[in-house]
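So the sequence shown is numbered by the numbering used here: it starts at 3 and just counts up by one.
For glycine and all other residues, C-beta sits at the position ideal for the given N, C-alpha and C.
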Amino acid sequence: MHATFPLLQATDFPVIRRHALEILQVNLGYKCNMSCVHCHVNAGPSRTEMMDSETLALIPEVLAARALHTLDLTGGAPELHEAFRWLVRAARAQDCKVIDRCNLTILFEPGQEDLAEFLAEQQVEIVASLPCYSLENVDKQRGKGTFDKSILALQKLNALGYGLPNTGLVLNLVFNPQGASLPPDQATLEADYKRELLQHFGIYFNQLLAITNMPIQRFGSMLISKGQFNDYLRLLHENFAAANLATVMCRNLVSVDWQGFLYDCDFNQQLGLALPSSGRPHLRDLLQQNIAGQAIRVADHCYGCTAGQGSSCGGALKDESQLQGCAA
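Quick look at the structure:
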């Protein structure tokens, strides 16, 4: 796989600093039951990196010490960690919102047959990847058979109350472009998703989150192989919107890797850009240290979060009309 950081290190991205920490985003490991083309983590079935029990035990302590309101669990497939359910229960016992970044197909993996019921019982917010509402585009990006499994999973979640009014069970979907383009207008695309999924499959969900593909790891390497890397960076630079700097996710979130080391965001984690410090900051440091006001480490990939309508783990940062179909 091609290394992307040497091509991103030199940058003129603006200097930005942290606000108060609110969200702890934890990568429980790189093992996944899928190997998606757009994956910036390069996760897959053969990956073995998983968080150990000592590091895992620090997470509820940090949530309490820093009075954080959200635990955002990612991977790989975070549900494949043997202590996933313990961690969810521990966070919910502290009245902390838990987000599960779910690939949907995990609901049909051996040993996960009751996963959907567990998530509903714990009122876990689900953020699920569905890069289009058509079979051809989803299977092209995420593997043959993924679309059908995803639809079945969404129907199962709907049956439990996810995505329906007045249940408190939040189901958000994620759109990623298939190629070297920016996401279309989030609100317009959300309306298309809701219409098509309801009409053809009877599926409901709360929000669509449109997220820009980052030129790192698997996706970045693919761009280099196709000779599109520089053009994609140029696209991100040309669509820079300074207004998005105020709400980029690194302002109030810290990313934790499977070893417990800290980063400004999940993308910096994959590039090995640790949180600024004299040492290598670790989860245990957050038990005592307040990182508000610290400078955020930036490189050229940061333009991906600020281009056009903006992009974060919560989708677009502002409403901007860039109408494209989901075949983009």
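Should the segment 195–211 be called in touch with the segment 225–244, which here means at least 3 C-beta pairs below 8 Å?
No, because fewer than three Cβ pairs between the segment 195–211 and the segment 225–244 fall closer than 8 Å, the two stretches do not touch.
Tell me whether aspartate 302 sits in a helix, a strand or coil according to DSSP, three-state version.
It is helical.
Whole-angstrom distance between arginine 103 and asparagine 241, CA atom to CA atom:
If I take the Cα positions, the gap works out to 28 Å.
Could you give the distance in angstroms between the alpha-carbon of leucine 75 and the alpha-carbon of leucine 191?
So the alpha carbons of these two residues sit roughly 25 Å apart.
Looking at serine 257 and asparagine 270, is the spacing between their C-beta atoms short of 8 Å?
In contact: asparagine 270 and serine 257 (Cβ atoms closer than 8 Å).
Tell me which residues share the same chain as phenylalanine 7 and place their Cβ nearer than 6 Å to its Cβ, disregarding the 5 neighbours each side in the sequence.
Taken in chain order, the residues that qualify are Leu273.
Measure the CB-CB distance between glutamate 56 and glycine 31 and report whether it falls below 8 Å.
Against a cut-off of 8 Å, the Cβ pair of glycine 31 and glutamate 56 comes out as no contact.
Verify whether the separation of the beta carbon atoms of glutamate 127 and isoleucine 108 is less than 8 Å.
No, the pair does not count as a contact, with Cβ atoms beyond the cut-off.
Which residue's Cα is closest to the Cα of valine 250: Phe263, Gly262 and Asp268?
Relative to the Cα of valine 250, the nearest Cα in the group Phe263, Gly262 and Asp268 belongs to Asp268.
Closest residue to lysine 151 among Ala130, Gly165, Phe110 and Glu115 (Cα-Cα distance)
Nearest of Ala130, Gly165, Phe110 and Glu115 to lysine 151, Cα basis: Phe110.
Identify the continuous beta strand (DSSP E) that holds leucine 211 and give its terminal residues.
If you look at leucine 211, you'll find it in the beta strand (DSSP E) that goes 209–212.
Ordered along the chain, which non-local residues of its own chain (more than five positions away) have a Cβ less than 6 Å from that of glycine 222?
Answer for glycine 222: Thr6, listed in chain order.
Among the residues of its own chain, which have a CB less than 8 Å from the CB of leucine 60, if the five just before and after it don't count?
Answer for leucine 60: Gly262, Leu285, Arg286 and Leu289, listed in chain order.
Contact check, leucine 10 vs aspartate 302, beta carbons under 8 Å
The answer is yes: Cβ separation under 8 Å.
Looking at phenylalanine 177 and isoleucine 213, is the spacing between their C-beta atoms short of 8 Å?
Their beta carbons are under 8 Å apart, which means isoleucine 213 touches phenylalanine 177 by this criterion.
Which of the three DSSP states is assigned to asparagine 292 in this structure?
Residue state for asparagine 292 is assigned as coil, using DSSP reduced to three classes.
Kindly indicate which residue of Ala248, Pro179, Arg282 and Pro80 has the alpha-carbon position closest to the one of arginine 49.
If we check each option's Cα against that of arginine 49, Pro80 comes out closest.
Coarse secondary structure for asparagine 232, derived from DSSP in three states
In this structure, DSSP gives asparagine 232 a helical state, which the three-state scheme calls helix.
Counting C-beta neighbours from all protein chains within 10 Å, is the total for valine 17 16 or more, i.e. buried, or is it exposed?
Residue environment analysis places valine 17 among the exposed positions, since fewer than 16 neighbouring C-beta atoms fall within 10 angstroms of its C-beta.
Nearest by alpha-carbon distance to alanine 92: which of Val64, Ala155, Phe15 and Asn168 is it?
Check the Cα spacing between alanine 92 and each of Val64, Ala155, Phe15 and Asn168: the tightest is with Val64.
Is the shortest distance between the beta-carbon of histidine 303 and the beta-carbons of chain C less than 8 Å?
Looking at the structure shown, chain C is missing, and only one protein chain is on hand.
Using CA atoms only, rank isn't needed, just tell me which of Leu26, Ala95 and Asp233 is closest to arginine 68.
In terms of CA proximity to arginine 68, Leu26 leads the group Leu26, Ala95 and Asp233.
Tell me whether the beta-carbon of glutamine 180 lies closer than 8 Å to the beta-carbon of proline 133.
A contact, by the Cβ cut-off of 8 Å.
Cα separation between glutamine 311 and alanine 182?
Here the alpha carbon of glutamine 311 sits roughly 16 Å from the alpha carbon of alanine 182.
When the Cα atoms are used, what is the spatial distance from histidine 21 to arginine 94?
So the two alpha carbons sit approximately 24 Å from each other.
Using the three-state DSSP reduction, which class does phenylalanine 15 fall into: helix, strand or coil?
Taken through DSSP and simplified to helix, strand or coil, phenylalanine 15 comes out as coil.
Can you have a look at lysine 228 and say buried or exposed, based on whether 16 or more other CB atoms are within 10 angstroms of its CB?
With fewer than 16 Cβ atoms within 10 Å of its Cβ, lysine 228 is classed as exposed.
In chain order, what residues of the same chain have a beta carbon less than 6 Å from the beta carbon of proline 283, not counting five sequence neighbours either side?
Around proline 283, the same chain offers Leu264 and Leu277 as residues with beta carbons nearer than 6 Å, after the five sequence neighbours per side are excluded.
If we ignore side chains and look at the alpha-carbon of each, how far apart do leucine 166 and tyrosine 206 end up?
About 7 Å.
Should asparagine 174 and glutamine 230 be called a contact, given that it needs their Cβ atoms to be closer than 8 Å?
Going by beta carbons, asparagine 174 and glutamine 230 fall outside the 8 Å limit.
Reducing DSSP to helix, strand and coil, say where cysteine 34 ends up.
Coil at cysteine 34, not helix or strand.
Where does methionine 3 land, buried or exposed, given buried means 16+ other C-beta within 10 angstroms?
Under the 10 Å beta carbon count, methionine 3 is surrounded by fewer than 16 other beta carbons and is classified as exposed.
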